[in-house]
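*Asks:* Going by the working numbering, the sequence shown wraps up at 155, each residue one higher than the last. No residue lacks a Cβ here, since even glycine has one placed at the ideal position from N, Cα and C. After the structure tokens below, expect a handful of questions from me.
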Amino acid sequence: MTPQELRTLCLSFNAAVEEFPFNPETSVFKVLGKMFALSSLEGSPLTVNLKCDPEDAVRLRGEYEGLVIPGWHMNKRHWNTVTVDGPLPDRLVRELVEDSYDLVVAGLPRAERLRLDRS
Numbered sequence: 037m038t039p040q041e042l043r044t045l046c047l048s049f050n051a052a053v054e055e056f057p058f059n060p061e062t063s064v065f066k067v068l069g070k071m072f073a074l075s076s077l078e079g080s081p082l083t084v085n086l087k088c089d090p091e092d093a094v095r096l097r098g099e100y101e102g103l104v105i106p107g108w109h110m111n112k113r114h115w116n117t118v119t120v121d122g123p124l125p126d127r128l129v130r131e132l133v134e135d136s137y138d139l140v141v142a143g144l145p146r147a148e149r150l151r152l153d154r155s
């Protein structure tokens, strides 16, 4: 997956936006103010931090050793850093990004979730 494909994927979700709160090189993808993905799109290798169910996070780290690791500078129980420009199938990367978005949306207040459903 290329940096542009990752950006396009992250922005394809309802109400998703890209912001640069840390520096101009670090893209933070948010839904209603809550982060679901973080990436230095110019980095090599290309990685993205994604929210993950804690049990799935551990399973993925074991299954894709070296490609899915505990989230760099994140809560390692809930975040993974995923190498997206390597041998991981694009389909899996898309699923992981979507899962991250869904987890963040599920944690939003009910009124905000309903507002998203109507958008």
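1) In terms of residues, what are the limits of the beta strand (DSSP E) holding Val104?
2) Assuming Thr38 is part of the alpha helix (DSSP H), what are its boundary residues?
3) Run through DSSP, which three-state label would Val84 get?
4) Does the beta-carbon of Phe65, which I'm using as the reference point, lie nearer than 7 Å to any heavy atom of the ligand SAM?
5) Where Glu78 and Val104 are concerned, what is the direct C-alpha to C-alpha distance, given to the nearest angstrom?
*Replies:* Taking the coordinates as given:
1) Taken as a continuous stretch (DSSP letters only), the beta strand (DSSP E) holding Val104 covers 104 to 106.
2) Run containing Thr38: none; DSSP gives neither H nor E here.
3) strand
4) Here there are no bound small molecules, and the ligand SAM is not part of this structure.
5) 19 Å
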